[in-house]
């Protein structure tokens, strides 16, 4: 894309479409984003794959642009979309009330920032627990790792054994 004074507005030199289906990603046309583990990509992993694809495209496009083989194409302004800024509070989930699929989609979308978290209680004190690794299998959340407020990351099993909570997260996950 050629730069101008507006955001995401300049003429396009080359582009590829990315189709995201069933939380998995694939590139249409020549290049393919392949996820060797065949797992769902979170935002950080998707950014890494797109950076790799962008590098591959640059190697192909720059020589063609310099030689005049490629002409800039104006963007179709009718296809423009806008979104709001994500804030930290959007990472809050309720393990008992929120749909497991929604929680997992938030987990994938909000990595590395703002991440997802929930609150639990210990001795009348609210403790923020960040979920750092999880899976969704057959509609059930499987929390693997958490980072309780003021503590290091640990397995969810260690957290449940640690007596850092009065709540019964065992019933949820």
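Residue numbers (this note's numbering): 9 to 181. We put the beta carbon where it would ideally sit given N, CA and C, even for glycine. Note that this is a predicted model, so its numbers are computed, not measured.
Problem set entry | contact_flag[the region 68-81, the region 103-110] where n(CB pairs < 8 Å) is 3 or more | Fewer than three beta-carbon pairs drawn from the region 68-81 and the region 103-110 are found closer than 8 Å, and the two stretches are therefore not classed as touching.
Exercise. How would you call residue 71, buried or exposed, if buried means at least 16 neighbouring beta carbons within 10 angstroms?
Worked result: exposed
Exercise. Is the beta carbon of residue 161 sitting closer than 9 Å to the one on residue 154?
Worked result: yes
Exercise. From 147, 148, 111, pick the residue whose C-alpha is nearest to that of residue 138; which is it?
Worked result: 111
Problem set entry | Cβ-based burial, residue 164 [other Cβ within 10 Å; buried from 16] | buried
Exercise. For residue 79, which three-state DSSP category applies?
Worked result: coil
Problem set entry | CB contact flag (residue 26, residue 69, <9 Å) | no
Exercise. Between 24, 99, 63, which lies nearest to residue 127 when the distance is taken from Cα to Cα?
Worked result: 99
For this session: Could you name the residues of the same chain whose beta carbon sits closer than 7 Å to that of residue 149, not counting the 5 residues immediately before and after it, in chain order?
Result: 108, 111, 112, 142, 181
Problem set entry | Candidates 119, 86, 74, of which the one nearest residue 94 by Cα | 119
Problem set entry | Three-state secondary structure (DSSP) of residue 148 | Residue state for residue 148 is assigned as strand, using DSSP reduced to three classes.
For this session: Tell me whether residue 122 sits in a helix, a strand or coil according to DSSP, three-state version.
Result: coil
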